[in-house]
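A quick write-up on the structure given underneath.
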Amino acid sequence: MKNKGFVVLLTIVISLLCIYYLSFTFVAQSIQKEATAATTSSDGSIDFAEKQRYLDSIWNEPVYNLLGMEYTFQDIKETELNLGLDLQGGMHVTLEVSPIDILKGLSGNNQDPDFQAALVEAKENIKGTQTNYVDEFYSVFQGKAPDKSLAFIFSNASNRGRISLNSSDSEVLDIIKTEVDGAIDRSFNILRTRIDRFGTSQPNIQKLEGTGRIQIELPGVDNPERVRKLLQGVAKLEFWEVYDLNEISPTLQAINDLLVKDQKNNLAAESLTDDSETSQSSDDLSDLLTEDDGTDAADSLTAEEDLSEEDAALDSALNSQVSPLFTLIKSQMGLIYDVKDTAKINRIFEREDVQALIPSNMKFLWSVKAIKNDAVNAPELLQLHAIKTTRTGKAPLTGEVITDARQDLDQRSQPAISMQMNAAGAKAWKRLTGNNIGRSIAIVLDNYVYSAPNVEGEIPNGNSSITGNFTLDEAKDLANILKAGALPAPTTIVEDVVIGPTLGEVARNQGLISIIAGLAIVIIFMVIYYAKGGLIANVALFFNIFFILGILAQLSAALTLPGIAGIVLTIGMSIDANVLIFERIKEELRNGSGLKAAISSGYDKAFSSIIDANVTTFITGFFLYTLGQGPVKGFAITLMIGIACSFFSAVFITRVITEAFSKKGDKAKLSFANAFSRNALTGMNYDFISKRKMAYIFSGSFITVGLIAMLINGLTLGVDFKGGRSYVVSLNEAVPPSELKAAITPFFENSGSEVKTYGANNVLKVTTPYLIEDETDVADAKVKEALIKGVSSMGLTYSDQTTAPDAGEFIISSSSKVGATIADDIKNSSYESALFALISIFIYILIRFRKWQFGLGAIVALFHDTLFVLSAFAIAGLVGVSFEVDQVFVAAILTIIGYSINDTVVVFDRIRENLGIKTGTEKKKVFNESLNSTISRTLITSITTLIVVLVLFIFGGAALKGFSFALLVGILIGTYSSIFIATPVVIDLDGSKKD
């Protein structure tokens, strides 16, 4: 093998990188355990708020030193291998920004009947499609009112200067699309700010491009109702007058004196009981102004080395603190502080004695964004603003008066913001700016200051230019924020999943058991069957799993339950490459080759099959990741990483090890089989091709029965395919699903709810379409209340705790809501991913084998496998075993497609090889010889993969039951179809009997 040194070097480099990145995960877990231990009471309950405060306090503190580099807790959390919500509990929310309300707002709530009808019809038309709403609205509006222009609808006082009666439809459409996109960006920025300050570690928020949706994940959330209110609360934009620094100095000095007095009393009290040097840990001024080296940050408070000295020295040291409160860093801009001190400062303001010193017309608000500081190792800074409040508590001016705001350029061609107000706003703005010339006015949203520009002069007409040291993106963001009150952009929760921590822990343990058990069985099997060669394959397997976890950590990806399924599946599939290689080596050894020659030939001959098999499986993973949503993405990225890692470890790492052990040639103590496995499945001469008609009849009969079963009972669609709400109800003792269904049905108004066990007999999953068309919070609360009343009617008491229920109680361990619109999108994206995967595989095989018969034979087999699995689900439903068809099921189908094509490509590759050698031979004979020579590899790969999938089916938990059942059927039928369907179809499609 060439380039052994490079393979060894690359393995070492990747291993070191994986160790480096995974080390952050271990440190983060250790800190989390410390936080949990510190906030756990004697009765075992955890104070989550206190735990979060503990973690916040060290967020910007160095907690890990690696190779001389210090890392804060924030650095660690950003680099660790995250756990998905299904493994740790939390909340997943998808919100949709309503374009209908934006268009209504732009039109000034125009009541034109054609306009109103087009708004409603366009919404119905785009359900389950990727069509842009504005384009569909325009198409419908043209059909309903061909003689009306868009300017007729949207030309009004609010749009003066942008839209006139002479504006063309294309010009108006551009403005509408800009407004809709801006509303989505505005909602995203507002939600991101709210979430960042919500108090949960590692929140994840992202825009789903092209959909108008925003997806949010909040790990560890224990108050879903608070989150829903936070996410859907109306953004409150306000303009406030700001105090100058000299105006608030007396107040700050008074607070400062209070804290200094407290510190003096604390130190004096301690000096009476302890004559040795001591330090006081609290949240008061001394802590804020004392650096780690014991000196004052403002150079005005000297640390005492001996508290037993006379009181005069103590008084002098404490009273020498004359700097106003919070002037840790002095700036002409005002009060500016290190971000890590903000939590302590907030706690000082919460003190009742401090509140008593603050005037009733004064409040303090933080800036929303940190101040730029390009200095090396400079702290992240935030500004604190002193706001002048009113007696009523209402702002002098609010955002409703703004008619437009957009990014512009000032006289120096620097980014600025142009803002226009309506007549009432212009009048109030004139008065407000006139009274504050030379002073600042704060632009506040959700109680955070986005900007506080100085007023240079009275602004009489409501047209203002806000200038400052903005970047282009910052100017766009601020313009978007200012429009928060100009156009309505309400957000609706269209998907809502809540997973309790107990359920997450159960899923995590089940996943861990699946990995360990599957890995152990495969390791034992490989050693038994391939002797020392099996040991080498196991080394590669360990590298494979290690690399997968390390790369996931490097990508800051989240390990989800489907991701664990991907790893478990990779364990089985990664053995495939080594099986191919070892079977080839055994074949060469049986033909009389020496050990070194057999190893070299075995790797070379297996390489093309391994490439083809991995590429086709990778294609399915790619489309799953590109078009899939939610948990499917976690599975797809793990699968793709696993394919790449298994290829490198199985082909290159094992070859380096194998050739190192075989240096002595035939004298080397290296074997690839035991006595019983050396000639197992060899010398077969079975006529597979002649049995193809029997196979066609069997497959056709089974699929026909399955289709009839689907027509009778249908498939059990999950909520992410049909829309609805589902709840996992945990009870203290077992309750038959039929009894619970009978109890809740009247409360759900006989809407056709489903109840089934979810893993254990005392855990039931309730799925209901009740009020699914109503996606409001009111409907959510009503459905949950109906469920609680229904279960309570059985004599059980509802508990809102997150731990296991006590006797006579029940809890809701998790809940899920998927709106009808997003369900259509999920379903269509699943169809698209399957369709594109099949087309891509066909094209790849056509290019590789250069005959359309091979490509079509493979596709026929894949359709056969898909229909067979669907039929198996339908038939299982007839006999009382129900598995849901959902996103994870689609992942299973595409995995089966990848696995089946993997098998088929290996057979096709051997057929291609034999056709090249045995030209002129009857094709049926060549095909049979190829099938017989690859049967050992096919069966052994199927056995190893079946083992791990069976382990997943037994130990993987209820969430993966349907997934693993689909894989069990799919692997069996995929192996069968590669032999009895794909290969015979190629023969039947090809009219010539000889090559």
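Per the working numbering, the sequence shown starts with residue 379, numbered consecutively. By construction, the Cβ of each residue, glycine as well, lies at the ideal position given by its N, Cα and C atoms.
{"Item": "Cβ-Cβ distance between residue 1235 and residue 1364 below 8 Å", "Value": "yes"}
{"Item": "Given 8 Å, three or more beta-carbon pairs between the region 912-920 and the region 385-399", "Value": "no"}
{"Item": "Distance CB(residue 473)-CB(residue 570) smaller than 8 Å", "Value": "no"}
{"Item": "Residue environment, residue 790, which counts as buried when at least 16 other CB atoms sit within 10 Å", "Value": "exposed"}
{"Item": "Paired residues, beta bridge with residue 468 - DSSP", "Value": "597, 877"}
{"Item": "Entirely enclosed beta strand (DSSP E) segments - the region 822-875, minimum 3 residues", "Value": "826-829, 842-844"}
{"Item": "Buried or exposed by the 16-neighbour rule on C-beta atoms within 10 Å, applied to residue 1133", "Value": "buried"}
{"Item": "Straight-line gap, residue 1219 to residue 1262 (C-alpha atoms, nearest Å)", "Value": "27 Å"}
{"Item": "Residue 1195: first and last residue of the uninterrupted alpha helix (DSSP H) it sits in", "Value": "Taken as a continuous stretch (DSSP letters only), residue 1195 belongs to no alpha helix (DSSP H), being part of the beta strand (DSSP E) at 1187-1196."}
{"Item": "8 Å Cβ cutoff met for residue 1253 and residue 1345", "Value": "no"}
{"Item": "Of the listed residues 1301, 1158, 1091, nearest to residue 1104 (C-alpha basis)", "Value": "1158"}
{"Item": "Option nearest residue 532 by Cα separation, candidates 593, 470, 490", "Value": "490"}
{"Item": "Counted within 10 angstroms of its Cβ, other Cβ atoms place residue 383 as buried (16 or more) or exposed", "Value": "exposed"}
{"Item": "Cβ-based burial, residue 991 [other Cβ within 10 Å; buried from 16]", "Value": "buried"}
{"Item": "Own chain residues within Cβ distance below 6 Å of residue 1091, not counting five before or after", "Value": "1255"}
{"Item": "C-beta contact flag for residue 907 and residue 1055 at 8 Å", "Value": "yes"}
{"Item": "8 Å CB neighbourhood of residue 802 in its chain, flanking five on each side removed", "Value": "779"}
{"Item": "Whole runs of the alpha helix (DSSP H) within the region 1287-1362, excluding any shorter than 4 residues", "Value": "1301-1333, 1339-1355"}
{"Item": "Residue 1088 (DSSP reduced to helix, strand or coil)", "Value": "helix"}
{"Item": "Beta-carbon proximity check, residue 823 vs residue 561, cutoff 8 Å", "Value": "no"}
{"Item": "Selected residue, minimal CA-CA separation from residue 378, among 1362, 1322, 1336, 1335", "Value": "No answer is possible for residue 378: it lies beyond the span of the chain, which begins at 379 and ends at 1373."}
{"Item": "CB of residue 763 within 8 Å of CB of residue 743, strictly", "Value": "yes"}
{"Item": "Within the region 1105-1157, ranges of the alpha helix (DSSP H) (whole runs, at least 4 residues)", "Value": "1115-1122"}
{"Item": "Helix, strand or coil at residue 1262 [DSSP, three-state]", "Value": "strand"}
{"Item": "Reduced DSSP category for residue 1050 - H, G, I as helix; E, B as strand; rest coil", "Value": "coil"}
{"Item": "Reduced DSSP secondary structure (H/G/I, E/B, other) of residue 715", "Value": "strand"}
{"Item": "Residue 398 versus residue 434: straight-line alpha-carbon distance, rounded", "Value": "24 Å"}
{"Item": "Cβ neighbours of residue 1368 in the same chain (closer than 6 Å, five flanking residues each side left out)", "Value": "1231"}
{"Item": "First and last residue of the uninterrupted alpha helix (DSSP H) at residue 606", "Value": "602-610"}
{"Item": "Between the CA atoms of residue 1073 and residue 1359 - distance to the nearest angstrom", "Value": "7 Å"}
{"Item": "Closest by C-alpha distance to residue 715, when choosing among 761, 746, 722", "Value": "761"}
{"Item": "Three or more C-beta pairs below 8 Å linking the region 510-517 and the region 452-467", "Value": "no"}
{"Item": "Cα-Cα separation between residue 1286 and residue 1312, rounded to whole angstroms", "Value": "10 Å"}
{"Item": "Residues sharing a beta bridge with residue 794, DSSP", "Value": "786"}
{"Item": "For residue 889 and residue 735, the rounded distance between their alpha carbons", "Value": "56 Å"}
{"Item": "Straight-line Cα distance separating residue 406 from residue 412", "Value": "10 Å"}
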